[in-house]
Amino acid sequence: MSEGVSLSFSGGLGMLLLDVILLLLCFHECLSIPLNQLTGYRLTGRDGDALLPEISPSATPQPFLPILAPSPLAPFTNTTVPKLSGICMLNFTTAENLMRMTSIDCFAAFAPLLANVICCPQLLATLVILVGQSSKESGMLALNATLAKPCLSDIEQVLAGQGASDSLKQICSIHPANLTEASCPVKDVDEFESTVDSSKLLSACEKIDPVKECCDQICQNAISEAATTIAQKTSSLLSMDGPHVLPEHSTRINDCKIIVLRWLASKLAPSRAKEVLRGLTNCNVNKVCPLIFPDMKHVTNNCGKGISNQTACCNAMDSYVSHLQKQTLITNLQALDCATSLGIKLQKSNITRNVYNLCHLSLKDFSLQGWYVASYILGSKHNCFQFKLSTFTNT
1 MSEGVSLSFS GGLGMLLLDV ILLLLCFHEC LSIPLNQLTG YRLTGRDGDA LLPEISPSAT
61 PQPFLPILAP SPLAPFTNTT VPKLSGICML NFTTAENLMR MTSIDCFAAF APLLANVICC
121 PQLLATLVIL VGQSSKESGM LALNATLAKP CLSDIEQVLA GQGASDSLKQ ICSIHPANLT
181 EASCPVKDVD EFESTVDSSK LLSACEKIDP VKECCDQICQ NAISEAATTI AQKTSSLLSM
241 DGPHVLPEHS TRINDCKIIV LRWLASKLAP SRAKEVLRGL TNCNVNKVCP LIFPDMKHVT
301 NNCGKGISNQ TACCNAMDSY VSHLQKQTLI TNLQALDCAT SLGIKLQKSN ITRNVYNLCH
361 LSLKDFSLQG WYVASYILGS KHNCFQFKLS TFTNT
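Reading the sequence shown from the start, the letters are residues 1 to 395 in the UniProt record's numbering.
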């Protein structure tokens with residue numbers, strides 16, 4: 001009898017949930033489809049497929065159940081027409097696929113979480129490619145200050161219209177100056193090509209191996225050499241190496257590296273340029289831990305002095321690591337570096353026990369994938385990244 005009641009209740013609840021889901025689907029479909037497409041859903045004059053949506057041969061088909069069957073890797077969003085300034089000369093059409101990919105990588109709901117690993121590197125690559133491609137017409141590898149602001153606004157509008165976050169400037173710390181030459185003294189294409197060994201630069205960077213490049217740094221060295229060469233046009237002091245290089249000179253070289261990247265982007269197809277730029281960015285991203293470590297007083301109080309209460313210590317560590325998890329998604333190597341950094345901080349706080357092993361903490365616990373999809377970044381093929389705190393503490 002009790003089983004019958006239970007089944008009846010479950011069935012009623014299931015039907016209620018089904019009704020709610022269908023109602024939401026209908027509501028979502030009504031909001032998502034532009035008015036000029038609604039005519040495709042009329043039943044007048046249609047035969048056996050009257051209940052199915054019309055599919056235009058020249059357009060991407062609308063999924064029959066938009067929430068349950070979105071396009072692979074792409075969010076189901078209602079694309080809106082951006083309001084452009086009308087004075088920006090960047091050609092968004094030539095980089096249409098790149099812009100679409102950037103809007104997906106910076107999808108509004110996930111942009112803050114994916115900023116460090118996916119969104120911001122993709123956005124910065126997009127800016128470089130757009131300016132680089134425009135140099136084919138303008139002959140300039142930078143925008144002037146007058147055009148930089150409206151062009152950046154137009155880029156934001158185009159991306160937001162395709163579902164990207166409308167706060168990318170804040171999330172990725174992007175400014176109009178990112179489209180100018182900043183402090184680099186060279187922005188003219190002809191002057192650039194007459195100053196650097198352009199054939200050597202292109203040969204080193206037109207195609208890179210994402211893994212080997214981070215170790216051999218063939219393209220990175222070529223970029224640094226070219227950037228230093230054009231930066232030297234304003235100061236002989238830049239020829240000095242090591243600690244003798246002043247901060248403003250280092251900044252100028254970094255600004256000139258952007259000019260070099262734009263020139264490379266002008267010589268490559270947008271898709272190839274994106275692969276090169278993202279490969280170079282990944283090398284830099286993996287060098288440092290992006291997480292901010294808060295005060296460790298609570299952990300120190302519960303895990304110090306020989307750990308008298310293991311439960312309290314592990315609860316404190318879990319709470320601390322959960323705070324780190326919520327900051328951003330990180331890569332394998334970043335997780336390793338973050339685990340190393342935290343291990344050093346624990347050691348400096350006089351915590352001598354291996355709390356990683358004691359509390360069953362691993363690399364995946366240092367990022368959001370520890371909660372959701374550990375295999376996304378730390379799959380079985382990455383077992384070589386297993387970290388042992390014994391390097392820093394006594395077991």
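Beta carbons are placed, not taken as given, at the ideal position from N, Cα and C, and that holds for glycine. Note that the structure is a prediction, hence the values are computed from the model and not measured.
Item	Value
C-alpha gap between Leu363 and Pro112, whole angstroms	21 Å
Euclidean distance between Cα positions of Ser319 and Leu168	30 Å
Classification of Phe64 by the beta-carbon crowding that lies within 10 angstroms, buried from 16 upward	Because the pLDDT at Phe64 is just 42, under 50, the model does not fix this residue reliably, and the value given afterwards should be weighed accordingly. Phe64 comes out exposed.
Cβ contact check for the region 139-149 and the region 343-356: 3 or more pairs under 8 Å	no
Cβ neighbours of Ala365 in the same chain (closer than 6 Å, five flanking residues each side left out)	Note that residue 365 is Asp in the sequence shown here, rather than Ala. Only Val321 meet the Cβ criterion.
Contact check, Glu206 vs Leu268, beta carbons under 8 Å	yes
Secondary structure, beta strand (DSSP E): runs of 3+ residues fully inside the region 203-236	none
Asp216 versus Ser308: straight-line alpha-carbon distance, rounded	48 Å
Residues near Met140 by beta carbon distance below 6 Å, same chain, minus five either side	Lys187
Whether Gln122 touches Ala265 by CB criterion (8 Å)	no
Separation of Cys313 from Leu346, as counted between CA atoms	12 Å
Cα-Cα separation, Glu193 to Thr281	24 Å
Given residue 396 as reference, the closest of Thr234, Ala160, Asp209 and Asp197 once Cα atoms are compared	With the chain running from 1 to 395 in the structure shown, residue 396 is simply not present.
Straight-line gap, Leu152 to Lys212 (C-alpha atoms, nearest Å)	34 Å
Bridge partners - Phe107, DSSP secondary structure assignment	Ala164
Close beta carbons around Leu68, own chain, < 6 Å, minus the five adjacent residues each side	For Leu68, the pLDDT reaches just 42, beneath the cut-off of 50, and the residue's location in the model is therefore unreliable, leaving the point undetermined.
Of the residues Met317, Leu336, Glu275 and Thr352, the one placed nearest residue 434, counting alpha carbons only	Given that the chain is displayed from residue 1 to residue 395, the structure contains no residue 434 and the question cannot be resolved.
Which of helix, strand or coil DSSP assigns to Asp188	strand
Length of the line joining the Cα atoms of Ser198 and Glu96	27 Å
Residue nearest to Gly343 in terms of C-alpha spacing, selected from Gln310, Gln327, Val299 and Ile330	Val299
Any chain D beta carbon closer than 8 Å to Asn357	Protein chains in the displayed structure number just one, and chain D is not present.
Beta-carbon gap between residue 396 and Ile230 smaller than 8 Å	Residue coverage of the chain in this structure runs from 1 to 395, which leaves residue 396 outside it and unanswerable.
Cβ contact (3+ pairs, closer than 8 Å) linking the region 288-298 and the region 327-337	yes
Cβ pair residue 399, Ala125 closer than 8 Å	Summary: the structure shown does not reach residue 399, with the chain confined to residues 1 through 395, and so no result is reported for it.
First and last residue of the uninterrupted alpha helix (DSSP H) at Arg278	Pro270 to Val285
Close beta carbons around Thr195, own chain, < 8 Å, minus the five adjacent residues each side	Val186, Thr229, Ile230 and Lys233
Cβ separation of Ala227 and Lys257, assumed to be a contact under 8 Å, to the nearest whole Å	4 Å
Residues bridged to Met296 (per DSSP)	Answer is none; Met296 lacks a bridge partner.
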